[in-house]
Structure formats: C-alpha cells, structure tokens
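Peer 1:
In UniProt numbering, the protein residues as written are 1 to 518.
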C-alpha cells in the first residue's frame, strides 16, 4: 500500500493555546513529511482536531446521555429519537458517525506514532513528548470505544502498515484493549510533565503541549475503576491526594458556575479543576454547535422575565423530570445547571453560551477531564475497599462545594455506593457520557432504567403540577405544569452495548455483531 496520505493538519483552539490558523487538508507522500518537530506538532494538532470533531456538536452527546434516565430529546430527528427511546437499530446514523470519528482519532495517532518512531534525526526528547500526547489521545478514544461497544478492532499501527491479508481486522477482546491502553497510559504518566510544556522548533515558534500528568493519571484511573482495580485507582490518584492529604494544586474550582459559564473561561480559579478540555470560540470553524441544542427556545423565564442569554436555540436536549426533581434541597448545582423558560420547561446552562449573538456561532468548551471526577473515583475506590471514612471525606469535598451537608461514615457499603452514584449524577449532569458509563460500570443500568420507565408510566399530568425552585433566584415558582416528556425507555440487555454499525459489517465481514442486535 502506497504511503500517500490525505492528512489533516490543524492548529486550533487547545486549552489556553492561541493557535487559530485554519486547518488544511493535504495529500502528501509520508516520506516528504515529519522532517522536523514543527511538522510533527502540526500533525499532533490534527489529532486534536479529530477529538474536537468527535465531541463538538450533537452526535456524541446524544449517543451517550440520552440513553439514560437523565435526558429527554424533544425534537423530530428520527435517529436521535431512536437513541433516546432505545429503539435504535444497526443503521442509526449517530452510532455510525461516532464509531467512524473515534477511529479517525485512532488512525491519526497511529500515523504520528509510527512516523516519529522511524525518525531518529528528530530530538528524542521532543519526539517522546509528542508520542506521549498521541498515545494519550489514542487511549482516550479506545476507552470510549470499549465503553460503548465492548470488543472492538484494536489497531495500533497505521492502515498503510497492515498486511493486505489482515486489512479487515477482527474485534479484539475488552481485556486485550485495556491491556494495551493501560500499558500505554502507565508509560504516558512517566513522560508528560506536571504542567503541560511546549516544544520550540527551529524557527523559534513555540508549540504548546496540552496534557498534564494529572490529566493522564485521571484517564488511567478511569480505566482502573472500570476494571475494579481499586488499589490502583488510589495509587494512581496520589497526585490529587495521599490518604486525606489533598494536593491544593488540583482542587475544585470554588464556584461551580465558573466551570461552565463561557464568561468565566479565563478565571484562574477554574484552571486547577479543568484537566483537559477542548475549547471553542464564537467564530466560524471554531464554534461548538451544541449551544443551539440546549439554548432556550425563548429568552423568557417562567414568569415572562428576561433570562440570561443573547440568542435562543432549539432546546431539544433537556433534563428529564426524574433528574430535574432529584436534587437535594439547597444543592447549588441545581441553580447553576438549569433555567426554567417561558414554556415552563428547563434548559441546561452547561453548553449554553450566554454571550453568543448567533445560535450557530457559539463557544462553549467541552470539558473531558476534571478534578471532581478524581475525588469521586477515590470515594468509590475507598468504599469498595471497606474504608468508609476516607470515602465520605472525598465525597464530602464535592458535596461541600454544592453547599450540601456532609454524609456520615456510618453509612453501609451499599448506602454509600448509592450516594456516590447520585453525587456523580448531579455533579456531571449534562456533560456527556458520565451517567451511561457509571450505570454500566456499576452493573446498575438495567435496574435503574426499568425503575425510571415504571415511574414514567405511573405518572399522571397532575404529578407534573407542582411548585419548583426557580434556578434563577432560588425561590418557589407558582405552581407550574412543566411539559416534561413521558418518555418510556424500555432498556433491555442488548442496550448494555451499542450495535456495530451495519455499514461497518458490510465493509468488514469479520466484525461480529453484539448480542441482541440484528
């Protein structure tokens, strides 16, 4: 196979980076590329562009969050409704799109790693740092692929390196994928620096790297947690806390709203919590169209008052009645996550750019890793190891910021496990895959979804007539009948994994289908 590659070179918004050159797509011979660190860094930024292409917009959010008890979809797109109602099939476009996008991330990283390992003339230290970032990104992609599909093709070399008789790979086991990406991530944590550095090339231009040691350890801990390797979770997250001695460099942002409100992107307080995010701007080519999915259909509150924001949207991705009504009284996250609109319908503030003047040109970041997750993983690991005192310590750190009272270490193992799962639900609501992955990881998905559907079936119109706390001012609203969707989600065992897209199985007959999907 000729080593001619249609490559994507992109310098786009990365964390605090200001590289905003328009991406260029170029077909070039590989032998004429990767001659210096600058070309390698541009190719690495191309890998980040592929991450951006995966998590910006609608597909990833709808494919993960709407499959849970957290989210309703209230528009007409057939494939999104299929995911939300759990009536999707093997031809669902969201399933196909996200499969392809994750493998585009993998292929870009595979090419970069392969080429740098063949270029001894480049600075070994710089090559090592670039390869570490590429392996981090690839591991992130495979972690998501395994969560969503289980066994998947494990490709760690570029397509052009695969022998013709194996160009269509079989699915590798979950264990094989984890063995590879955990090994990669254990190495990555020894290479990346405590704070992301930069690579200065011969021209004098400095290209920022984006992955910190804390980000790498958090992703690695997520892998250990899924595999129930609880001591490894605790050991890996010692950067955040050794026992109950917390490292203040990686604490929580004191104000929850600073994390998501686009007006506070540059606040210094949020930087210690945000470990990895893909940033957006309210400009063409760097915008995140997710804004219009969550933006209110009208800029009016429940009583007709003006609500925050400069542009409306579709308001098609909304909290379920079950989620909206689940918060503890006084939970500040409730007030900083929702607004009730003139339709008496709540909308998410996460993903909503209050300053955007055009619904198609908004700049909400996508946060992929933050310190709150590290604390709650520690809480879960300590509970599973029979150390409730340490478990509630980390759980209460998160609850304290939400202005909730602390829980007591006298809770039983199961009570504390339930409390941690609830806390993760409230902390990460509207942030994508957290709820789906949590329910599957803990073996609770089918039980939770079946109970959710039963509550919906039994709900009457009168059940929706009640006074809610208005998130805008913390006061009781007049009695409202909020038009939540009575959405039955008939979860079955096949929904524990997504179907392999039909087109992928046509292209590669070696791909077997997940159980229950025809």
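Just so you know, even glycine gets a beta-carbon here, dropped at the ideal spot from N, CA and C.
Does the Cβ of residue 431 have 16 or more other Cβ atoms within 10 Å, making it buried, or fewer, making it exposed?
Peer 2: So residue 431 ends up on the buried side.
Peer 1: Between residue 448 and the rest of its own chain, which residues show a CB-CB distance below 7 Å, the 5 nearest in sequence each way excluded?
Peer 2: For residue 448, where only same-chain residues beyond five positions count, the Cβ hits under 7 Å are 69 and 439.
Peer 1: Is residue 496 closer than 8 Å to residue 445 when the C-beta atoms are compared?
Peer 2: The answer is yes: Cβ separation under 8 Å.
Peer 1: Compute the Euclidean distance between the alpha carbons of residue 501 and residue 407, then round it to the nearest angstrom.
Peer 2: Going from the Cα of residue 501 to the Cα of residue 407 covers about 44 Å.
Peer 1: Taking the C-alpha atoms as reference points, what is the distance between residue 219 and residue 424?
Peer 2: Approximately 16 Å, taken between the alpha carbons.
Peer 1: Short of 8 Å in beta carbon distance, which residues of its chain neighbour residue 246, apart from the five on each side in sequence? Order them along the chain.
Peer 2: Excluding residues within five positions, the ones whose Cβ falls inside 8 Å are 240 and 397.
Peer 1: Does the beta-carbon of residue 353 have 16 or more other beta-carbons within 10 angstroms, so that it is buried, or is it exposed?
Peer 2: Classification for residue 353: buried.
Peer 1: In or out: residue 176 buried (at least 16 other Cβ within 10 Å) or exposed?
Peer 2: So residue 176 counts as exposed.
Peer 1: Compute the beta-carbon to beta-carbon distance between residue 288 and residue 366, rounded to the nearest angstrom, for a pair I have assumed lies under 8 Å.
Peer 2: About 7 Å; that satisfies the 8 Å criterion.
Peer 1: Taking the beta carbon of residue 170 as the centre, do at least 16 other beta carbons fall within 10 Å, making it buried, or is it exposed?
Peer 2: Exposed: under 16 other Cβ atoms inside 10 Å.
Peer 1: Taking the alpha-carbon positions, what's the residue 186 to residue 336 distance?
Peer 2: So the two alpha carbons sit approximately 36 Å from each other.
Peer 1: Let me know if residue 54 comes out buried or exposed under the rule of 16 or more other beta-carbons within 10 Å of its beta-carbon.
Peer 2: Under this definition residue 54 is a buried residue.
Peer 1: If residue 522 sits next to residue 280, beta carbons under 8 Å apart, how far is it from one beta carbon to the other, in whole angstroms?
Peer 2: The first residue shown for the chain is 1 and the last is 518, placing residue 522 beyond what the model contains.
Peer 1: To the nearest angstrom, how far is the alpha carbon of residue 426 from that of residue 115?
Peer 2: One C-alpha to the other measures close to 43 Å.
Peer 1: Where does residue 364 fall in DSSP's three states?
Peer 2: Coil.
Peer 1: Just tell me which of 403, 382 and 402 has its CA closest to the CA of residue 393.
Peer 2: Among 403, 382 and 402, the Cα nearest to that of residue 393 belongs to 382.
Peer 1: Do residue 188 and residue 238 come within 8 Å of each other at the CB atom, strictly closer than that value?
Peer 2: No, the Cβ-Cβ distance between residue 238 and residue 188 is not below 8 Å.
Peer 1: With 16 as the cutoff for other CB atoms within 10 Å, does residue 283 come out buried or exposed?
Peer 2: By the 10 Å Cβ count, residue 283 comes out exposed.
Peer 1: Alpha carbon to alpha carbon, how far is residue 133 from residue 267? Give it in angstroms, no decimals.
Peer 2: Each residue's Cα considered, the two are about 25 Å apart.
Peer 1: Using the Cα positions of residue 399 and residue 419, report the straight-line distance between them to the nearest angstrom.
Peer 2: Their Cα atoms are separated by approximately 11 Å.
Peer 1: DSSP three-state label for residue 85, please.
Peer 2: Here residue 85 sits in coil by DSSP.
Peer 1: Among 487, 451 and 130, which has the Cα closest to the Cα of residue 45?
Peer 2: If we check each option's Cα against that of residue 45, 130 comes out closest.
Peer 1: Candidates 110, 213, 205 and 172: which alpha carbon is nearest residue 374's?
Peer 2: Closest by alpha carbon: 213.
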